[in-house]
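S.K.:
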Amino acid sequence: MAHKRIMIVEDEAMISFDLADLLQTAGYHVSGPFATATEAMEALPNAELNLAILDVDLGDGETSEAVAQHLTEAGTPFLFVSGYTYAGSKLLQRFPHAYRVSKPWDPQDLLKVVARTVGPRLVADGPAAA
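If you read the sequence shown in this note's numbering, its first letter stands for residue 103, the second for the next number, and so on.
1) Using 8 Å for Cβ pairs, my map puts L160 next to A145. What's the rounded Cβ distance?
2) On the DSSP bridge list, what partners appear for F136?
3) Under DSSP, the beta strand (DSSP E) around V203 begins and ends at which residues?
4) Compute the beta-carbon to beta-carbon distance between V216 and L194, rounded to the nearest angstrom, for a pair I have assumed lies under 8 Å.
5) Quick one: is A115 buried, meaning 16 or more other Cβ sit within 10 Å of its Cβ, or exposed?
6) Would S204 be called buried (16 or more neighbouring beta carbons within 10 Å of its own) or exposed?
7) Pull up the distance between the alpha-carbon of L121 and that of W207, whole angstroms please.
8) Identify whether T127 lies in helix, strand or coil by the three-state DSSP scheme.
9) Quick check on DSSP: helix, strand or coil for A176?
10) With DSSP run on the structure shown, which of helix, strand or coil describes S166?
11) So, under 8 Å CB-CB, F182 and R202 are touching, yes? Tell me the CB distance rounded to an integer number of Å.
12) I need the straight-line Cα distance from T165 to P209, nearest angstrom please.
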């Protein structure tokens, strides 16, 4: 079975590792976590993602805007995890199509949003695409 691949972009180490553990335990493959937009952008060309989970504010004035723009252009769904309100964040307003989960997030609520976005956790057995 092939796992759905989810990128994590989150600058807070404890949050990123908790999120990665949650997703891996649920049967997803994790790309990252990446603490900066630069690290994530370097990984994107080869990532083959089904979804990305992006923190809005990556610290030191950096945001995940460049990553969100790349994902939008590639047609890859993403969701923001943020303590910001929609009205309080220009980045959230710029990407109104993105899902949003508030920090602190509830693990089961987050997994429900992920499942609605990417479908079932595992793809049925079948021949690999050539």
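Just so you know, even glycine gets a beta-carbon here, dropped at the ideal spot from N, CA and C.
M.R.: Considering the structure as presented:
1) Residue numbering aside, residue 160 sits at position 58 when the sequence shown is read from its first letter. Residue numbering aside, residue 145 sits at position 43 when the sequence shown is read from its first letter. Actually they are not in contact, since the Cβ atoms of L160 and A145 sit about 15 Å apart, beyond 8 Å.
2) Along the sequence shown, one-based indexing puts residue 136 at 34. V111, per the DSSP bridge assignment.
3) Position 101 of the sequence shown, counting from 1, holds the residue named residue 203. Per DSSP, V203 belongs to the beta strand (DSSP E) from 201 to 204.
4) The sequence position of residue 216 within the sequence shown is 114, counting from 1. The sequence position of residue 194 within the sequence shown is 92, counting from 1. In fact, because the Cβ distance is near 18 Å, the residues do not count as touching under 8 Å.
5) Within the sequence shown, the letter at position 13 stands for residue 115. A115 should be labelled exposed.
6) By 1-based counting over the sequence shown, the position of residue 204 is 102. So S204 ends up on the exposed side.
7) Mapped onto the sequence shown, residue 121 falls at position 19. Mapped onto the sequence shown, residue 207 falls at position 105. Rounded to whole angstroms, L121 and W207 show a C-alpha spacing of 10 Å.
8) Taking the sequence shown and counting its residues from 1, the one referred to as residue 127 is at position 25. Helix.
9) Taking the sequence shown and counting its residues from 1, the one referred to as residue 176 is at position 74. In the structure shown, A176 sits in a helix (DSSP, three-state: H, G or I).
10) The residue you call residue 166 lines up with position 64 of the sequence shown. Judged by DSSP in its simplified three-state form, S166 adopts coil rather than helix or strand.
11) Here residue 182 corresponds to residue number 80 of the sequence shown, with the count starting at 1. Here residue 202 corresponds to residue number 100 of the sequence shown, with the count starting at 1. Rounded, the Cβ-Cβ distance is 5 Å, consistent with contact.
12) Within the sequence shown, numbered from 1, the residue matching residue 165 stands at position 63. Within the sequence shown, numbered from 1, the residue matching residue 209 stands at position 107. Whole-angstrom Cα-Cα distance: 23 Å.
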